[in-house]
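Chemist: Just so you know, the sequence shown maps onto residues 350 to 752 in the numbering used here. Ideal Cβ positions, reconstructed from N, Cα and C, are used throughout, including at glycine.
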Amino acid sequence: TTLKRLVPRAAFILVAVLIIAAILLTLGQRERDTNPVASSYNPSGLHAFQELLGQNGIPSLVTRSNAPRLSKSDFVIAAYVQSDVDVSAIETNLKAFVQSGGRVLVLPFDNDFRARSKTAYQYPTQIVSNATGDTLKVHSSPLDYNNMLAFGGQVSGGGNFLSQDHNSVSYVPWSKSARNSNAPMLVIESRGEGILARAADGLFATNRFIDKEDNAQFALNVVRSMLPPEGRVVFTEAALGNGEEPTLASILGPWAVGAWNQFLVLCGLVVLTLGIRFGLPEVERRKQRGQRELIDAIADVYLRAKATSAALDSAYEDADRRIRRALKLPTHATVQQRDERLPESLAQKMQHLDKLRKPLVLTDSKGRQRVVNRLQPTEALDFLRKLEDELASFIPGSKNRIS
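What follows is the structure, encoded as structure tokens:
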């Protein structure tokens, strides 16, 4: 018996181990498609970069709006993946933001994250500061669509998203391999009243590479050199094609979005709590209805309907039944045979009641008909009381009452 109890437990444990192993294998698979969003913990995500900023006292914000509310003290990081997704809305807004004095850093990525990661792992890139001559080693993989070249203070290339303006003044703070080489790692362009910066690629800021070599140091160096005083970093994920059209709540500000979300959660909780019984069910105790209440209810219906003729008809049928029972008359006996054995006054009242129970049908000059009772309710009640007295004297042993 002990062995029989242990076998099912061991089977359940093995199944649980297999499920956990499958989940771990699924989570541990290499990521192929690039998805550099700040909320992602995957290898190509930027969540570690955002946490690094927070640990160094730099506030950050993530927005998916195509028209984010930005101030001049904000430093925008726009991660961009070369694809066919339409990002013209966020691109137009970021151009206007730069022209009005804002600062934007574009981190370009290739769609095949696995292939670019393999190249970056094999060949770390040495970069040099053109201002101080300091050298750092970062992970970078050249991008075909973002290939930038520097010649005589001018930079060409840079991709389609927020593309370089060749008429603007450009500066290369970091170059690859050697000082002032023609392969820039970071390009800063003065456009309007603001600054537009572009990296050769954004692999150094991803979760997979941020903690290796000098990637974290380089990322912090770029942010600190471009962040305005008391500014914050804003990750605009609409550049990846995840843009959302601004709503009334988002226009009012993050507080309105939070308040709206809390209101929706509150409504859901109210519906949930009202729809689910809490505690033991209430026992319904129904009162047994008696025959007297049924009679009172029917009497109330007759009273409200002023059905005097119906009441008289019911009284006539009841009186006829009591008389026939008292006289022991057969059911086929006629009314004349019944009245012959009754006192004259009771026979006259029964004949008169037979006439009164039939309502009158009146026709006006226009041919419209209406039904009218022969007696008023008070008159009918007086008449039935007199009839009851006659019946009581004729049938003294009966306990039935018409009223």
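Below 8 angstroms, can you find three or more Cβ-Cβ pairs linking the stretch 515-532 to the stretch 446-457?
Modeler: No contact exists between the stretch 515-532 and the stretch 446-457.
Chemist: What's the C-alpha gap between P745 and R719?
Modeler: Counted from its first residue, the sequence shown places residue 745 at position 396. Counted from its first residue, the sequence shown places residue 719 at position 370. For P745 and R719, the distance between alpha carbons rounds to 41 angstroms.
Chemist: Looking at F567: is its Cβ nearer than 8 angstroms to the Cβ of V487?
Modeler: Residue numbering aside, residue 567 sits at position 218 when the sequence shown is read from its first letter. Residue numbering aside, residue 487 sits at position 138 when the sequence shown is read from its first letter. The Cβ atoms of F567 and V487 lie closer than 8 angstroms to each other.
Chemist: Where A587 and L623 are concerned, what is the direct C-alpha to C-alpha distance, given to the nearest angstrom?
Modeler: For the purposes of this step, residue 587 is taken as residue 238 along the sequence shown, with counting starting at 1. For the purposes of this step, residue 623 is taken as residue 274 along the sequence shown, with counting starting at 1. Taking the straight line joining both Cα atoms gives about 39 angstroms.
Chemist: For V536, which of R547, I439, P473 and Y472 has the nearest alpha-carbon?
Modeler: Counting from 1 along the sequence shown, the entry for residue 536 is found at position 187. It is R547.
Chemist: My parser needs the alpha helix (DSSP H) runs of 4 or more residues fully inside the stretch 404-452; what are they?
Modeler: 437-448
Chemist: Can you tell which of R673, T712 and A664 has the C-alpha that lies nearest to the C-alpha of L730?
Modeler: Position 381 of the sequence shown, counted from the first residue, corresponds to residue 730. The shortest C-alpha separation from L730 is found at A664.
Chemist: Could you check which residue in S393, A438 and N722 has the C-alpha nearest to that of N415?
Modeler: Position 66 of the sequence shown holds residue 415. Taking only the C-alpha atoms, the option nearest N415 is A438.
Chemist: Determine the burial state of V619: buried for a count of at least 16 other Cβ atoms within 10 Å of its Cβ, exposed for fewer.
Modeler: As a first step, residue 619 is located in the sequence shown; it is residue number 270 there, counting from the start. Burial call: exposed.
Chemist: In this structure, does DSSP put L724 in helix, strand or coil?
Modeler: Mapped onto the sequence shown, residue 724 falls at position 375. It is coil, neither helix nor strand.
Chemist: Can you check DSSP and say which residues form a bridge with K525?
Modeler: Mapped onto the sequence shown, residue 525 falls at position 176. Per DSSP, I476.
Chemist: Please report the straight-line C-alpha distance between S524 and Y472, rounded to a whole angstrom.
Modeler: Here residue 524 refers to the residue found at position 175 of the sequence shown. Here residue 472 refers to the residue found at position 123 of the sequence shown. Their backbone Cα atoms lie some 16 angstroms apart in a straight line.
Chemist: Between the Cα of A499 and those of S519, N564, G508 and A605, spot the shortest distance and give me the residue it belongs to.
Modeler: For the purposes of this step, residue 499 is identified with residue 150 of the sequence shown, where counting begins at 1. Answer by Cα proximity: S519.
Chemist: Would you list the residues sitting across from M575 in a DSSP beta bridge?
Modeler: Along the sequence shown, read from residue 1 onward, the residue named residue 575 stands at position 226. None; M575 has no bridge partner.
Chemist: State the DSSP-derived secondary structure class of T585, mapped to helix, strand or coil.
Modeler: By 1-based counting over the sequence shown, the position of residue 585 is 236. Looking at T585 - three-state DSSP - the assignment turns out to be strand.
Chemist: On the CB-based measure, 16 or more other CB atoms within 10 Å of its CB, does L401 come out buried or exposed?
Modeler: Counting from 1 along the sequence shown, the entry for residue 401 is found at position 52. With 16 or more other Cβ atoms within 10 Å, it is buried.
Chemist: Assign I544 to one of three DSSP states: helix, strand, or coil.
Modeler: Here residue 544 corresponds to residue number 195 of the sequence shown, with the count starting at 1. Three-state DSSP puts I544 in a strand.
Chemist: Using the rule of at least 16 other Cβ atoms within 10 Å of the residue's Cβ for burial, across every protein chain shown, is R706 buried or exposed?
Modeler: Position 357 of the sequence shown holds residue 706. That one is buried.
Chemist: Output yes or no for whether 8 angstroms exceeds the beta carbon distance between T555 and S393.
Modeler: For the purposes of this step, residue 555 is identified with residue 206 of the sequence shown, where counting begins at 1. For the purposes of this step, residue 393 is identified with residue 44 of the sequence shown, where counting begins at 1. Pairing T555 with S393 gives a Cβ-Cβ distance under 8 angstroms.
Chemist: For F537, which beta-bridge partners are listed by DSSP?
Modeler: Indexing the sequence shown from 1 puts residue 537 at position 188. First, the amino acid is wrong: residue 537 is Ile here, not Phe. DSSP lists Y520 and A546 as partners of I537.
Chemist: Mark R573 as exposed unless 16 or more other C-beta atoms lie within 10 angstroms of its C-beta, in which case mark it buried.
Modeler: Taking the first residue of the sequence shown as position 1, residue 573 is located at position 224. The residue is exposed, with fewer than 16 neighbouring Cβ atoms inside 10 Å.
Chemist: Figure out for me which residue from S658, S389 and F446 has the closest Cα to the Cα of R540.
Modeler: Against the sequence shown, residue 540 aligns to sequence position 191. When only C-alpha atoms are compared, the closest one is F446.
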